[in-house]
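Everything on this sheet refers to the single structure shown next.
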Amino acid sequence: MMSWGISWVNAKVLSSYITASDLIFYRYFITVLTLVPVIIFLKKSFEIPLKTLGLALLAAIFLSIYSIFYFDGTKYGTSGLGGAFVTTFTPILTFVLLVGFFDKKLEKNDIIALVLGAIGTITILNIWSFKYDEIFVVANLYFIYASISWSFLTITNSKNKTTDALVFVFYLYVFTTIIGYFSGTFQTGNIFDFDTIFWLNLIFVSIVSTTFATSVYLVAIAKLGANEASSFILLVPFSAIVASWIFLDEPIYLTTIIGTALTIKAVLMINNKKEKKQ
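The sequence shown begins at 1 in our numbering and counts up one residue at a time.
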């Protein structure tokens with residue numbers, strides 16, 4: 001999960017080379033190629049029911065939408081803030097969606113956690129330092145939309161109960177690659193002419209943070225459920241903040257640290273409550 005934090009830095013760097021839609025294709029094409037030997041090594045079958053394949057396609061749509069907002073958010077905003085905001089706001093939003101659309105019971109402790117999470121969220125964005133018309137700037141909106149799309153991705157993946165989670169993830173990436181291919185512009189030049197910095201960042205974001213880290217996370221969703229698995233990304237925020245400071249010289253704001261801590265506490269309250277019931 002630490003690699004997810006660094007992936008926000010990768011996205012920021014790659015945004016100066018290619019477009020978001022192009023990155024979706026290159027990233028997940030490489031991921032698919034590197035995931036095949038993993039599945040073969042683990043002796044898993046590539047067979048998947050048609051209904052589950054449709055679920056993977058729906059998940060791919062959400063992943064593609066998320067990837068665009070994730071990439072453009074770092075392009076127009078700061079990767080540290082984006083990594084902190086999206087990865088802490090998403091578990092809270094996932095819980096809200098489960099309550100609103102999937103009849104999950106809401107208790108007093110949950111309400112307290114959600115209020116705490118809301119305070120943490122606006123603290124990360126440092127809303128009170130902006131005028132009203134400055135709050136919804138492009139970068140902030142991208143990060144909000146990224147959180148929404150990732151929450152729907154989390155819930156969609158949790159509905160897979162018939163196919164091995166890693167195999168499901170493989171088809172999810174295949175569909176995402178296809179979506180990236182047909183939506184890409186590919187007008188930024190031949191990527192094989194790009195420098196080492198481009199390739200190091202592309203390889204890291206494709207193989208380390210996607211083939212391995214994201215796959216492990218999506219597998220966890222199938223094993224643990226959407227609500228519990230979403231808490232794994234709480235390992236990401238501080239690594240995103242620190243990595244952005246080290247590699248991009250982005251400043252670390254006190255509001256980002258405080259807001260991140262508050263949202264982490266909120267998610268822990270939600271998940272600890274469920275663990276006690278079990």
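Where is the CB? At the ideal position from N, CA and C, for every residue including glycine. Note that the coordinates shown come from a computational prediction; the quantities given were computed from them, not determined experimentally.
Whose C-alpha, out of the options, is nearest the C-alpha of residue i?
i      : options                    : result
Thr163 : Leu23, Ser15, Val86, Lys44 : Lys44
Thr34  : Leu268, Val174, Ile257     : Val174
Gly180 : Ser147, Asn140, Ile68      : Ile68
Phe41  : Ser244, Gly184, Val167     : Val167
Lys161 : Asn10, Ala56, Asp22        : Ala56
Phe182 : Gly5, Val86, Lys105, Leu23 : Leu23
Ile241 : Leu53, Val86, Pro37, Gly54 : Val86
Grab the span of the alpha helix (DSSP H) containing residue i for me, first residue to last.
i      : result
Leu58  : 50-76
Phe204 : Note, Phe204: premise wrong, no alpha helix (DSSP H); not H, not E.
Phe192 : No alpha helix (DSSP H) contains Phe192, which DSSP labels as neither H nor E.
Asp140 : This sequence places Asn at residue 140; Asp is not what is there. Its alpha helix (DSSP H) spans residues 138-158.
Ile124 : 108-124
Asp22  : 20-41
Gly82  : 79-101
Thr17  : Reading the sequence as shown, one finds Tyr at residue 17 and not Thr. Run containing Tyr17: none; DSSP gives neither H nor E here.
Gly180 : 165-183
Can you find the residues in the same chain that come closer than 8 Å, C-beta to C-beta, to residue i, ignoring five residues on each side of it along the sequence?
i      : result
Leu254 : none
For residue i, which residues from the same chain have a beta carbon less than 7 Å from its beta carbon, with the 5 sequence-adjacent residues on both sides left out?
i      : result
Thr123 : Thr255, Ile258, Gly259, Leu262
Ser16  : none
In its own chain, which residues sit with a C-beta less than 6 Å from the C-beta of residue i, not counting the 5 before and 5 after it?
i      : result
Ile207 : Thr34
Thr188 : Ile18
Phe89  : Thr121, Ser147
Ser7   : Val205, Ser209
I think residue i touches residue j, with their Cβ atoms under 8 Å apart; what is that distance to the nearest whole Å?
i      : j      : result
Asp72  : Ala118 : That belief does not hold up - the Cβ atoms of Asp72 and Ala118 are roughly 25 Å apart, past 8 Å.
Val266 : Ile111 : It should be pointed out that residue 266 corresponds to Ala in this sequence rather than to Val. About 11 Å; that fails the 8 Å criterion.
Thr176 : Ala60  : 4 Å
Ala113 : Met269 : 4 Å
Stretch-stretch touch, CB-based, cutoff 8 Å, three pairs: the segment 15-35 with the segment 151-163 = no
Please confirm if the segment 77-85 is in contact with the segment 186-206, defined as three or more CB-CB distances below 8 Å between the two stretches.
-> no
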